[in-house]
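In this text, residue positions in the sequence shown follow this note's numbering: the first is 646, and each later residue adds one.
Heads up, the beta-carbon is just placed ideally off N, CA and C, and yes, glycines get one too.
Data first, discussion second: the structure below is written as structure tokens.
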Amino acid sequence: MNHSGIRLFLILFVTTLSVSFSFSNLPCYPSAKRSLERRNNQSTLFVSDNKPDKVNESPISVESQTAESHVIPVVLVLASALSFFAIPTGAIDNPVDFIHLDIPIPIPDYRYFLAGGLCAAASHGVTTPIDVVKTRIQADPLSYNKGFLDAVTRISEEGGGALLRGLGPTVIGYGVEGAAKFGLYESLKPEVAKILSLDSPAIPYLIASIVAGATASIMLCPMEKARVRLVTDPDFASNLITGIPKLIDESGISGLFGGLPAMLSKQVPYTFAKQVSFDTFATMLYAVAANANFAAADVKFEVSFGAALLASVLACLLSQPGDVILTATYKGSNASFGSVVSQITENRGIQGFFSGLSARFIHVGAIITSQLVLYDVVKQLLGLPATGS
């Protein structure tokens, strides 16, 4: 490993540690609940006259500990992402120079972040009506059990704005998430490749996508939680401005990140499938075009569209179980990741993890195809090369 690998190693280590915190023994598991109940019961001591003498120890709230358990992974992932952007100035602002290792600091290209944010906000925003239908089907499959078109008709009857509920958090949340996801992915790819020195780019692409997906999940959590509540509970709030404060009142600031494990279960496979497969398919299609004597400049749109369409299928399939888990998590109270998975399995079986798949194929297909094509266009307008070229 060369010197530039130290920084990337720290980023990957801290991100992996944060994911481990998120998925390990969350307090809401039944065994943890019983342990807390026993501890709470032991906080009351009985004296000889059988009158309780209460110790100054407040009962422990399982729900509050669940919310607080996500503070550590949130801080760790954000720290790992921010460490990538360290500015080599100041006395000890750059610990690399401080210990005189002469390690170059990678400077991310803002154009990737800008292109990613614009394409993600636009693609998710225009497909909000499809997302509303998909979310309703997943949240209440017994009520919306007659197909996609019937669900559209029923939701439309609630009023003209029913299909646009959650538009605000969708545009803002996915704009920020897209900037982080695309920007970090593109910035980390060459750094990982330098460290590993592999002939195949598959592993560097995979590592970069995992780090980018985990970091973007942190940023998306509050907005996605507000969006799902707005869509599934018409009485929750009227918009994002009133919804976020209500979520904070219900479970505190840390509660906004209470669905982090569920978010990771969706976004990490989604990011891997979308980003890596888009790169791979684009490279393959350019090779096919070259063998057919087509100039790369003449087939840029066709390659971009074809690669994006294929990537959308893989991304939809790999992230579908996580999407169902995420909807169920945000629909109800602060349930743990394990309890949500168990509940879905007990109530609906394995097929429950594929509820709303047809609607999601339409939704995710439209989002990813338009998003990746737009991303390629914006990249080229900003002076960057087309993906796979």
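- In the structure shown, the three-state DSSP call for residue 938 is coil.
- Of the residues 901, 945, 861, the one whose Cα lies closest to the Cα of residue 874 is 901.
- A residue is called buried when at least 16 other Cβ atoms come within 10 angstroms of its Cβ; residue 829 meets this threshold and is buried.
- With fewer than three CB-CB distances shorter than 8 Å, the stretch 933–940 does not count as touching the stretch 1002–1014.
- Counting the other Cβ atoms within 10 Å of the Cβ of residue 945 gives 16 or more, which makes it buried.
- Ranked by Cα distance from residue 890, the first of 907, 910, 868, 820 is 868.
- Around the CB of residue 887, fewer than 16 other CB atoms lie within 10 Å, so the residue is classed as exposed.
- In its chain, beyond the 5 residues on either side, 764, 765, 768 have a beta carbon closer than 7 Å to the beta carbon of residue 1016.
- Take the alpha-carbon of residue 815 and the one of residue 932: they are about 36 Å apart.
- Look at the beta carbons and you see the stretch 788–796 not touching the stretch 849–860: under three pairs across the two are nearer than 8 Å.
- Here the alpha carbon of residue 852 sits roughly 22 Å from the alpha carbon of residue 1030.
- The C-beta separation of residue 877 from residue 976 comes to about 5 Å, placing the pair in contact by the 8 Å criterion.
- A Cβ-Cβ separation of about 7 Å places residue 759 in contact with residue 1027 under the 8 Å criterion.
- Per DSSP, reduced to three states, the secondary structure at residue 752 is coil, with no helix or strand assignment.
- For residue 946, the enclosing alpha helix (DSSP H) covers residues 945–976.
- Counting every other CB atom within 10 Å of its CB across the protein chains shown gives residue 776 a total of 16 or more, marking it as buried.
- In the DSSP assignment, residue 874 falls within the alpha helix (DSSP H) that extends over 847–877.
- The C-alpha of residue 811 lies about 43 Å from the C-alpha of residue 843.
- The Cβ-Cβ distance between residue 911 and residue 1013 does not fall below 9 Å.
- Distance from the CA of residue 1020 to the CA of residue 923, rounded to the nearest whole angstrom, comes to 11 Å.
- According to the DSSP assignment, residue 913 belongs to the alpha helix (DSSP H) that extends over 905–916.
- The C-alpha of residue 948 lies about 6 Å from the C-alpha of residue 927.
- In the DSSP assignment, residue 889 falls within the unbroken alpha helix (DSSP H) covering 885–900.
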